[in-house]
Amino acid sequence: MQATDTVSTQGERKAGPEGERQVPKAVMYVFVGLIPFLLVMMLVSVYTAAMHQPTPRDLPVAVIGTGQQAVGLAGRLNAAEGSPVEVRTVGSTSEARSLLMDREIGAAFKLPSAPGGPALLYTAQTAGMGQASMAQAIFNGIAAQQNIPVEHHEIAPLPPEDGMGVSAMMIVTGWILAGYMIVTMVTQGFPALFTLRRMPVYLGAWAALMSFLVWLIADPIIGAVGGHAWEMLALGWATIFSVGLAQSFIARLVGGLGSIVGVFVLMYLGVPASNLGMPVKAMPGFFEWLHGVLPTPAAGEALRAVLYFGGDGVSGNLLVLALWGSVSVAGSVALDSARNRRKPEHHLSDDEKSSADESSESSEDSGAIAPAVPVTA
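If you use UniProt numbering, the sequence shown corresponds to residues 1 to 377, in order.
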């Protein structure tokens, strides 16, 4: 016999199937408005705090030369209170160029070799347009104080199709959104698919599709990047898949609030910390720490390495993505296993029982436990 809703004299639904109480409409209205309110507040507060007053802080640069003048300039800059740069000395221009291409410094400055001659400034725009511009402004100011002309040499200019260097940020944002949104939509609209067995399969196929579409739009259609198709397709797949796994774990961990937590970590913190739009050395120090641990900066730096530096530096960033994916999978397995052990069998839904039976059969066949019970928000 099916349970029926209990209705009050005013006609309001008080209880649902099996006597489960319904959420009051007032609470539902507040919740519906709360989510966009929190999203807007987080967006404005985090982005404004990160970018409203960019001030270079310990920007790594080099002074070329081993003589007294070069060593003295480096020492004065490092000793200055509130100095925006962290200076090292290098013995040659070739060494400075190598450090620039390895993205270990943001600029290299060489004092005039003869009285009345120009100072030389070397930058690499492909390592960050904002970083190169800030370094140029700093050393132009230093040279102006001594009435020294500056001759600027750009050793790694941005390509004509991406003169402002924003394509990488847009592409990575698309990858992150693809991984985040698909999990959010599945948990809200198709919870039966949200199992440890099914979700990775759909997520892998989705990652392949979206990686291809992002590349298709960015390169053949718009022409914002030139070449590197296979590298972009592989990196896009890895990013979308790992972000999707991470969002799956977040959704299991915090339930209905997973969409807010996910967008906060992956987008609102990840994009400013990516070092793609504005150098993290010009933001509060917290974002520099985030730059080394979040998947969004890892994907951004990996893409920059692929597009402009022949893949140099990709491995470390791929490791960050792999760690996010593997830790998320382990966390999801642990959460589902713990919750299934605590939940009596007669409280499982038909889908949950079916998933649990599938997991049990798989365990008998393979000798391993692979729980696939979804967690309802």
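Where is the CB? At the ideal position from N, CA and C, for every residue including glycine.
Taking DSSP as the reference, what is the three-state secondary structure of residue i?
{"i": "E151", "result": "strand"}
{"i": "V172", "result": "helix"}
{"i": "P272", "result": "helix"}
{"i": "I260", "result": "helix"}
{"i": "E95", "result": "helix"}
{"i": "V314", "result": "helix"}
{"i": "residue 379", "result": "A question about residue 379 goes unanswered here, because the residues of the chain that appear run from 1 up to 377."}
{"i": "residue 415", "result": "Beyond the ends of the chain as shown, which are 1 and 377, falls residue 415; an answer cannot be given."}
{"i": "F109", "result": "strand"}
{"i": "F212", "result": "helix"}
{"i": "V166", "result": "coil"}
{"i": "G227", "result": "coil"}
{"i": "V293", "result": "coil"}
Cα separation between residue i and residue j?
{"i": "D115", "j": "A143", "result": "Checking the sequence, you will find Pro at residue 115 rather than Asp. The straight-line gap from Cα to Cα measures roughly 14 Å."}
{"i": "G130", "j": "M28", "result": "45 Å"}
{"i": "L39", "j": "A229", "result": "34 Å"}
{"i": "A119", "j": "I221", "result": "43 Å"}
{"i": "M134", "j": "V183", "result": "39 Å"}
{"i": "L100", "j": "A70", "result": "18 Å"}
{"i": "G325", "j": "M185", "result": "19 Å"}
{"i": "G316", "j": "F194", "result": "31 Å"}
{"i": "G179", "j": "A74", "result": "45 Å"}
{"i": "A305", "j": "E231", "result": "10 Å"}
{"i": "A137", "j": "T123", "result": "12 Å"}
{"i": "F190", "j": "A80", "result": "59 Å"}
{"i": "A224", "j": "V271", "result": "19 Å"}
{"i": "L235", "j": "I148", "result": "45 Å"}
{"i": "D58", "j": "Y47", "result": "21 Å"}
{"i": "I64", "j": "W289", "result": "29 Å"}
{"i": "V90", "j": "K110", "result": "10 Å"}
{"i": "A299", "j": "H153", "result": "29 Å"}
Please classify residue i: is it buried, with 16 or more other beta-carbons within 10 angstroms of its beta-carbon, or exposed?
{"i": "N117", "result": "As written in the sequence, residue 117 is Gly, which differs from the Asn given in the question. Per the 10 Å Cβ criterion, exposed."}
{"i": "F37", "result": "exposed"}
{"i": "P279", "result": "buried"}
{"i": "P24", "result": "exposed"}
{"i": "V201", "result": "exposed"}
Opposite residue i in the DSSP bridges: which residues?
{"i": "L253", "result": "DSSP, once it has assigned bridges, lists no residue as partnering L253."}
{"i": "R88", "result": "A62"}
{"i": "T123", "result": "A107, E154"}
So, does the CB of residue i fall closer than 9 Å to a CB anywhere in chain D?
{"i": "A192", "result": "The structure shown contains no chain D, having only a single protein chain."}
Problem - Contiguous alpha helix (DSSP H) assignments of at least 4 residues, all confined to the region 20–64 - result: 25–51
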